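The next block holds one structure in the form of structure tokens; read it before the comments.
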Amino acid sequence: MKYNNLLVAYNTGITTITINRPKKLNALNKETISELHEAFYAADNDADTKVILVTGSGEKAFVAGADISEFADFDVDEGKALAAEGQKHLFDFVENLSTPVIAAVNGFALGGGLELAMACHFRLASDNAKLGLPEVSLGLIPGYGGTQRLPQLVGKGRAMEMIMTAGMIDANKALEYGLVNHVVIQEELLSTCQKIAIKISRNSPVAIEAAIKAVNSNFKNEVDGFSVEINEFGRSFGTDDFEEGTSAFLEKRKADFPGK
Ligand code: COA
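Our numbering puts the sequence shown at residues 151 to 410.
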């Protein structure tokens, strides 16, 4: 599949999606959001892909936000539709994928860029990264889930401060806040993500899918996460991966998960 705004590469179980509009600091225009949906959908449905990485092209930006030039003349209804469609097709979509998604934050992650990183299952940052939700400086609020996911990740007080000041935090502050899991030099960002991805890919994909579902349930008001965990735990006992994982342990060999 050929994209106008993305590069997609597959290597040993890992699909890397690179947002490729470096002249616009990889800002998310409508076409890029739609292509991201397609690329994530394709990677999630590719049996060989065990982990998805998402990053930005160039050394300056992961994503510097939603493309401001596209919504500058929007009215109330258009603004509402922009947020609703974006949340459905990209941000909620990514969060609920059954394949693990890691954000490699290689520079500015602002507005929709930070919101995309936060929709991923976890994040690593390069030491030059700057993260923030600057929407109130534009007379807006975050619309792609930022008001919900930032307090989940860093706590209410820190999220309020970041949103109200519209300021940026650097990679080490993001690490201290728990917004990213690791900070490395830029040259080592993708290789560090790949090392983590390889560890993940040795485990049962069926169990990982169930774990994503159970963990996400903690943040959904309408579902009881403990019940989801009980159901998913029980369902695991009926999978071929469970049979393989337990047999391999008892036979003192490495598991080779069929992924069923
Ligand atoms: N939407 C559209 N275009 C954007 C963009 C965005 N969110 N962020 C950057 N760009 C464009 C700039 O307009 C510029 O385009 P041009 O060369 O055609 O003029 C290009 O990307 C480079 O950005 P520039 O501002 O010149 O780089 P900089 O190094 O001086 O500043 C930032 C970098 C990230 C601080 C600055 O680009 C910025 O503040 N961007 C907007 C961030 C934001 O508010 N995001 C939330 C949107 S809801």
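Built from N, CA and C at the ideal position, the CB exists for glycine as well.
Predicted, not measured: the structure shown is a model, and the values here were computed from it.
Local Cβ density within 10 Å of VAL365, reported as buried at 16 or more and exposed below that:
Taking the sequence shown and counting its residues from 1, one reaches residue 365 at position 215. Using a 10 angstroms sphere on the CB of VAL365, the tally of other CB atoms stays under 16, which defines it as exposed.
Same chain only: Cβ atoms within 6 Å of SER367, ignoring 5 sequence neighbours per side
Taking the sequence shown and counting its residues from 1, one reaches residue 367 at position 217. These residues qualify, in order along the chain: VAL373, GLY375, VAL378.
Pull the bridge partners of ASN161 from the DSSP assignment, please.
Counting from one through the sequence shown, the residue named residue 161 turns up at place 11. Assignment of beta-bridge partners to ASN161 by DSSP yields ILE164.
Looking at GLY163: is its Cβ nearer than 9 Å to the Cβ of SER354?
Counting from one through the sequence shown, the residue named residue 163 turns up at place 13. Counting from one through the sequence shown, the residue named residue 354 turns up at place 204. No, the pair does not count as a contact, with Cβ atoms beyond the cut-off.
Alpha carbons only, please: which of ILE358, VAL255, THR166, PRO284 is nearest the one belonging to ILE218?
On the sequence shown, position 68 is the one that residue 218 refers to. The alpha carbon of ILE218 has as its nearest neighbour, out of ILE358, VAL255, THR166, PRO284, the alpha carbon of PRO284.
What do you reckon, are the CB atoms on GLU188 and TYR153 nearer than 9 Å?
What you label residue 188 is simply residue 38 of the sequence shown in a count that begins at 1. What you label residue 153 is simply residue 3 of the sequence shown in a count that begins at 1. TYR153 is positioned such that its CB atom lies closer than 9 Å to that of GLU188.
Below 8 Å, is the gap between the Cβ of GLY218 and the nearest heavy atom of the ligand COA?
Residue mapping note: residue 218 aligns to position 68 of the sequence shown, counting from 1. Rather than Gly, the amino acid found at residue 218 in this sequence is Ile. Yes, the beta carbon of ILE218 sits closer than 8 Å to at least one heavy atom of the ligand COA.
Reduced DSSP category for ILE169 - H, G, I as helix; E, B as strand; rest coil
Looking up residue 169 in the sequence shown gives position 19. Of the three classes helix, strand and coil, the one that applies to ILE169 here is strand, per DSSP.
Does DSSP classify ILE319 as helix, strand or coil?
Locating residue 319 in the sequence shown gives position 169, where the first residue counts as 1. DSSP, read as helix, strand or coil, puts ILE319 in strand.
Candidates LEU300, LYS280, LEU247, ILE346: which alpha carbon is nearest LYS323's?
Taking the first residue of the sequence shown as position 1, residue 323 is located at position 173. It is LYS280.
Paired residues, beta bridge with ILE291 - DSSP:
Locating residue 291 in the sequence shown gives position 141, counting from the first residue. Paired residues: none, contrary to the question.
Does at least one heavy atom of the ligand COA sit under 8 Å from the Cβ of ALA233?
Here residue 233 refers to the residue found at position 83 of the sequence shown. No - the ligand COA has no heavy atom lying nearer than 8 Å to the Cβ of ALA233.
Please state the DSSP three-state secondary structure of PHE243.
The residue you call residue 243 lines up with position 93 of the sequence shown. Under the three-state reduction of DSSP, PHE243 is assigned to helix.
Taking contact to mean 3 or more Cβ pairs, one atom from each stretch, closer than 8 Å, check whether the stretch 205-225 and the stretch 167-184 are in contact.
In short, these stretches touch, since the Cβ pair count reaches three.
Go through the stretch 323-410 residue by residue and report every complete run of the alpha helix (DSSP H) that reaches 4 residues or more, in order.
As far as the stretch 323-410 is concerned, its whole alpha helix (DSSP H) runs of at least 4 residues are 339-351, 355-367, 375-386, 390-400.
Determine the direct distance from the alpha carbon of ASP227 to that of PHE272, and round the result to whole angstroms.
In the sequence shown, counting from the first residue as 1, residue 272 sits at position 122. In the sequence shown, counting from the first residue as 1, residue 227 sits at position 77. Cα-Cα distance, rounded: 32 Å.
In whole angstroms, what separates the C-alpha of ARG385 from that of GLU393?
What you label residue 385 is simply residue 235 of the sequence shown in a count that begins at 1. What you label residue 393 is simply residue 243 of the sequence shown in a count that begins at 1. Answer to the nearest angstrom: the Cα atoms are 12 Å apart.
Examine the Cβ distances between the stretch 251-269 and the stretch 295-310 and report whether three or more of them are shorter than 8 Å.
The way I'd put it, the stretch 251-269 does touch the stretch 295-310; three or more beta-carbon pairs between them come closer than 8 Å.
Whole-Å CB distance - THR205 paired with THR168, under 8 Å assumed
What you label residue 205 is simply residue 55 of the sequence shown in a count that begins at 1. What you label residue 168 is simply residue 18 of the sequence shown in a count that begins at 1. Confirmed, about 5 Å.
Could you check the C-alpha separation between ASN150 and ASP390 for me, to the nearest Å?
Outside the modelled stretch of the chain, which goes from 151 to 410, sits residue 150, for which no answer is possible.
Bridge partners - LEU156, DSSP secondary structure assignment
Position 6 of the sequence shown, counted from the first residue, corresponds to residue 156. Note: LEU156 sits in a beta bridge opposite ILE169.
Hey, would you say ILE183 sits closer than 9 Å to GLY263, going by beta carbons?
Position 33 of the sequence shown holds residue 183. Position 113 of the sequence shown holds residue 263. Result no, Cβ atoms of ILE183 and GLY263 do not sit closer than 9 Å.
Looking only at C-alpha atoms, which of ASP196, GLY295, LYS349 sits nearest to SER248?
For the purposes of this step, residue 248 is taken as the residue at position 98 of the sequence shown. Ranking the options by Cα distance to SER248, first place goes to ASP196.
At which residues does the beta strand (DSSP E) containing GLY282 begin and terminate?
Counting from one through the sequence shown, the residue named residue 282 turns up at place 132. 280-282 is the extent of the beta strand (DSSP E) around GLY282.
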